[in-house]
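S.K.: For the sequence shown, full-length UniProt numbering gives the first residue as 1, with consecutive numbering after it.
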Amino acid sequence: MAVTDLFARRATLTRSVGLLGQFRYEQTDPARFYGALADDTAAMVTDLWRGAGGGDPAGRTLLDVGGGPGYFASAFTAAGLRYIGVEPDPTEMHAAGPVTAHSPGSFVRASGMALPFADASVDITLSSNVAEHVPRPWRLGDEMLRVTRPGGLVVLSYTVWLGPFGGHEMGLTHYLGGHRAAARYTRRHGHPPKNNYGSSLFAVSAAAGLNWARSTGALVAAFPRYHPRWAWRLTSVPGLREFAVSNLVLVLRPC
1 MAVTDLFARR ATLTRSVGLL GQFRYEQTDP ARFYGALADD TAAMVTDLWR
51 GAGGGDPAGR TLLDVGGGPG YFASAFTAAG LRYIGVEPDP TEMHAAGPVT
101 AHSPGSFVRA SGMALPFADA SVDITLSSNV AEHVPRPWRL GDEMLRVTRP
151 GGLVVLSYTV WLGPFGGHEM GLTHYLGGHR AAARYTRRHG HPPKNNYGSS
201 LFAVSAAAGL NWARSTGALV AAFPRYHPRW AWRLTSVPGL REFAVSNLVL
251 VLRPC
């Protein structure tokens with residue numbers, strides 16, 4: 001069985017439409033948006049773990065790099081995993097107010113590019129939509145591999161810059177260039193975007209992620225996170241994948 005076989009059964013057009021429909025609530029109702037994303041991510045990781053031959057992941061330790069305010073903690077704990085969230089920004093850790101305070105699991109303030117964990121100390125390492133926000137995304141990936149035990153699972157998912165969501169709240173203006181898009185957003189709204197190009201948002205390509213993952217010798221799957229299964233072949237088409245993949249999932253198994 002391929003590591004993606006179980007998850008592929010859930011990767012339907014109905015799921016894709018439902019998830020993309022939640023994005024309109026990201027700013028107005030973050031609990032709704034991030035709650036739905038967290039539930040879907042927990043189901044995806046569970047399917048990938050089982051597809052890799054790991055059986056039921058209940059009781060396994062999952063390290064979530066860039067875990068934010070706690071929505072993912074609730075979803076993964078409900079799935080039976082021991083959750084540890086890593087977040088460098090205290091404002092993000094407390095962005096949801098009481099959510100983090102009452103969330104299950106443990107939380108550590110630290111950088112994903114220098115994880116304060118021993119080698120081979122966790123079963124599963126996840127990073128959801130973080131790589132595009134750090135200046136050295138593959139250093140983050142290397143750290144995720146380092147702390148994951150042999151036979152474990154690393155799931156690194158990130159937004160591709162040239163995809164339709166690459167500009168985040170700047171919308172499609174990122175096709176004008178990152179700095180121009182940020183300046184335009186600032187003029188229009190009177191403040192810089194939260195995801196400001198060059199400081200908290202970077203142009204990360206699908207090709208760069210695939211090249212890094214292949215260089216590790218641990219890559220077992222790569223697919224578009226929000227696409228139905230029949231569209232996964234886009235990942236293998238150079239050039240087109242930069243615009244069409246939108247969010248790339250890299251799945252690695254340390255040896």
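Each residue gets a CB set at the ideal place from its N, CA and C atoms; glycine is no exception. The structure presented is a predicted model; accordingly, all values stated were derived computationally and were not measured.
I believe residue 134 touches residue 145 by the beta-carbon criterion, under 8 Å. Please report the beta-carbon distance rounded to the nearest angstrom.
M.R.: 16 Å between Cβ atoms; not a contact.
S.K.: Whole angstroms are fine: how far does the CA of residue 51 sit from the CA of residue 6?
M.R.: Distance between the alpha carbons of residue 6 and residue 51 is about 6 Å.
S.K.: Which ranges does the beta strand (DSSP E) cover as unbroken runs of at least 3 residues, wholly within the UniProt domain "Methyltransferase type 11" (63 to 155), from first to last along the chain?
M.R.: Listed in chain order, they are 82 to 86, 106 to 108 and 122 to 128.
S.K.: Would DSSP call residue 158 helix, strand or coil?
M.R.: Three-state result, residue 158: strand.
S.K.: Determine which residues share a DSSP beta bridge with residue 247 and list them.
M.R.: Bridge partners of residue 247: 159.
S.K.: Measure the alpha-carbon distance for residue 106 versus residue 15 and round it to whole angstroms.
M.R.: Their Cα atoms are separated by approximately 30 Å.
S.K.: I'd like to know whether the C-beta of residue 78 is nearer than 8 Å to at least one C-beta of chain D.
M.R.: Annotation note: the requested chain D is absent from the structure, which comprises a single protein chain.
S.K.: Would you call the stretch 66 to 84 and the stretch 36 to 44 touching, i.e. three or more CB-CB distances under 8 Å?
M.R.: Yes, the stretch 66 to 84 is in contact with the stretch 36 to 44.
S.K.: Would you report the Cα separation of residue 165 and residue 126, rounded to the nearest angstrom?
M.R.: Answer to the nearest angstrom: the Cα atoms are 20 Å apart.
S.K.: Whether or not the stretch 211 to 224 and the stretch 112 to 123 are in contact is what I'm after, with contact meaning three or more pairs of Cβ atoms, one per stretch, closer than 8 Å; do they touch?
M.R.: As far as the Cβ criterion goes, the stretch 112 to 123 does not touch the stretch 211 to 224, which means the pair count is below three.
S.K.: Is the stretch 196 to 213 close to the stretch 164 to 180, with three or more CB pairs under 8 Å?
M.R.: With a cut-off of 8 Å, the stretch 164 to 180 and the stretch 196 to 213 count as touching, because enough Cβ pairs lie within range.
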